[in-house]
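Residue numbers (full-length UniProt numbering): 1 to 734.
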């Protein structure tokens, strides 16, 4: 059994924010840190016919792919494999590989030891002949590996599923478990207690870990030995790499005057903390620095440093990099320095709102260094911890608790929140629970009833958090030193490396002048949100109050009302839902009042600059295409709407259109595909709706280059399409 070596200097932090070093938070959704056992269990879920037995002539792209495939086959069939021989040539490199059963061959004879406590272990090798031999060939310039010999004949008993997982090849201690084991060992936990803690934290039965107790013991002993032998070398590496990173910042500053950085030195004149940003990032901050997400979820075991990244969201809903910091510890003092340095790099501008994870030290730092900034914690950062904290302790009652917690998060006001919180604590016996106490102490930063009106710019959503995680994984992937990490950050944050934005066709849905006017100002991302609220405003009923304000509610939901205050002198409008204050986009309730007031254009002050097209960091291509396409689209829509009207007059007409129209659509799509253009598949169960949706698909789902190609195609085939439709019309009228 061997521990899995770290391929990355950065890993997810797992220390619980409650402050108890013994408390552990699992990292949900982190594929890189998922256990090998979990991946193997997924392989077992395949149907028997999906795992084909290797055969002579089978082809693989690489020898690693072949070894993985054969290993999965072996795992499923009750044995493990190992690499045997390989052969090398000057022209092809390694061109032959032999993989054999773990019991292949015989153990060499050993000299008898004279040691007093020598253990005479028996070898598991018994001359098994199961094997898979590969040979590499170059076919049309591409290297491929072919199976040239295969045998699945064993001379020993194959193991059952509950036994095969205990073979050394499948017993792996993953990086996340390594960190936890070392932490518990350092605290004085005996090995058997460490194993028990891991089982409890993972919620599994005893003996179901993907490694054994003796594996943990060996790992701890080996790691202690390695640490003792290499501690001096590791310290030297940390110091050298930190100085190399500082030198890289200095060189970058000389080459790019807009690059900014800062650092601190400890009492031994060694780099303690370092922060940096780029000219593009500083300029982006001037546009979109109203809300900042400060992520501190990654840390390095190799360097003992915490990684902090400041990110934002642009007017297209994309993640924007603002800056990066490396800290020697996670104290409030270090966080305070980081925030102070960041504001300095951003030319003294503080954000309106800063989003962070649950972190008590960070909370204190925000309060001291950013007194005018509102501190928010996204519910999407809290939910994974809720599962870690309460899933096992509540057992079958966890779904009930989760539902109650979700309702509590959406409480309408603070009084309602406090009442529901007391009920939840009483119902589940949480009176002395430290995690419940932590959540309650931070309630003003995460509960909707307290945060309503915090400007978040659509950043407290699951979609944005996924985008952030994707960005972080890109900069934290397989780095071997701080210098390479610095280069990766620079590459990922360079706006010049991003593809130019291609303007999406923004299809109107209501035909209202307000919508058409908004389309001229907003980016597609912002316009989509605006359009969503505008459509929902049509489902709102309202009643005017004596003071000129309005009560607005959904026409079916009378119990949830919003008060909209209208001040005509200044064209000021305010809603108690605080959507505009939160996202910078007007809500359905205020739009309903504007419509009532016969507004055909909204006051431009309600189109915030951060959501306007002209604020884009990356320029659009073909910005005039929207206008040019309107006439073409209206012509297409008129044609299809007329067909829809005429086809609904009689059942015979409807049946005929349902039968013939899919044929025309299929022909048009096949002709489009034939010209090298990919078009989304049109559903044939609703042909009229499919035809109505064809043009938006062309303009919305495709790039503008693709739309141009399709327009050229339609110009060539339009007469054929139109003639086909008019044949259908002729049948309807005749």
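Glycine included, each C-beta is placed from N, C-alpha and C at the ideal position.
- Taking C-beta atoms under 8 Å as the contact rule, residue 475 and residue 600 fail to qualify, at a distance of about 47 Å.
- In terms of CA proximity to residue 315, 290 leads the group 77, 667, 290 and 309.
- Around the beta carbon of residue 413, a 10 Å sphere encloses fewer than 16 other beta carbons of the protein chains shown; the residue is thus reported as exposed.
- If you draw a straight line from the Cα of residue 484 to the Cα of residue 245, it is about 9 Å long.
- If the five residues before and after residue 616 are omitted, its C-beta is found closer than 8 Å to the C-beta atoms of 314, 315, 316, 501 and 523, all from its own chain and listed in chain order.
- Looking at the DSSP output, residue 376 sits in a beta bridge with 355.
- Counting along the chain, no beta strand (DSSP E) covers residue 506, and no H or E run does either.
- Non-local C-beta neighbours of residue 272 in its own chain, meaning closer than 7 Å and more than five positions away in sequence, comprise 264, 265, 266 and 328, ordered along the chain.
- Partner residues in the beta bridge of residue 274, as assigned by DSSP, are 263 and 326.
- Annotation for residue 126: 103, 155 and 156 place their beta carbon closer than 7 Å to its own, counting only its chain and skipping 5 residues before and after.
- Taking 8 Å as the cut-off, the beta carbon of residue 301 is found closer than this to the beta carbon of residue 179.
- Residue 564: member of the beta strand (DSSP E) spanning 561-567, first to last residue.
- Note that the C-beta distance between residue 566 and residue 584 is not below 8 Å.
- Around the Cβ of residue 12, a 10 Å sphere holds 16 or more other Cβ atoms; the residue is buried.
- In this structure, residue 353 and residue 454 form a Cβ contact; the two beta carbons are roughly 5 Å apart against a cut-off of 8 Å.
- Of the candidates 348, 321 and 363, the residue whose Cα lies closest to the Cα of residue 330 is 363.
- When C-beta atoms of the region 585-596 are compared with those of the region 534-544, three or more pairs fall below 8 Å, so the two segments count as touching.
- Residue state for residue 573 is assigned as strand, using DSSP reduced to three classes.
- Judged by their CB atoms, residue 184 and residue 173 are not nearer to each other than the 8 Å cut-off.
- 603 is the residue among 603, 578, 543 and 551 whose C-alpha sits nearest the C-alpha of residue 571.
- Within its own chain, the residues whose Cβ lies closer than 6 Å to the Cβ of residue 438, once the five positions on either side in sequence are excluded, are 18, listed in chain order.
- Of the other Cβ atoms in all chains shown, 16 or more fall within 10 Å of the Cβ of residue 299; this residue is therefore buried.
- In the DSSP assignment, residue 67 falls within the unbroken alpha helix (DSSP H) covering 63-76.
- Inter-residue distance for residue 545 and residue 657 is about 51 Å (C-alpha atoms, whole angstroms).
- An exposed status is given to residue 108, since fewer than 16 other beta-carbon atoms sit within 10 Å of its beta-carbon.
- Judged by their CB atoms, residue 212 and residue 171 are nearer to each other than the 8 Å cut-off.
- Annotated as distal: residue 322 and residue 366, with beta-carbon spacing of 8 Å or more.
- Annotation: residue 144 is outside any alpha helix (DSSP H); the continuous beta strand (DSSP E) that includes it extends over 142-151.
- Cα atoms of residue 69 and residue 306: separation of roughly 37 Å, rounded to the nearest angstrom.
- Apart from sequence neighbours up to five positions away, the residues of its chain that approach residue 554 with a beta-carbon distance below 8 Å are 539, 540, 541 and 560, ordered along the chain.
- A straight-line Cα-Cα distance of about 21 Å links residue 445 and residue 430.
- Going by C-alpha positions, residue 64 is about 13 Å away from residue 135.
- Boundaries of the beta strand (DSSP E) around residue 85: 81-89.
- Minimum Cα-Cα distance from residue 96 among the listed residues 128, 76 and 133 corresponds to 133.
- Here residue 423 is not bridged, per DSSP, to any residue.
- Per DSSP, the beta-bridge partners of residue 540 are 554.
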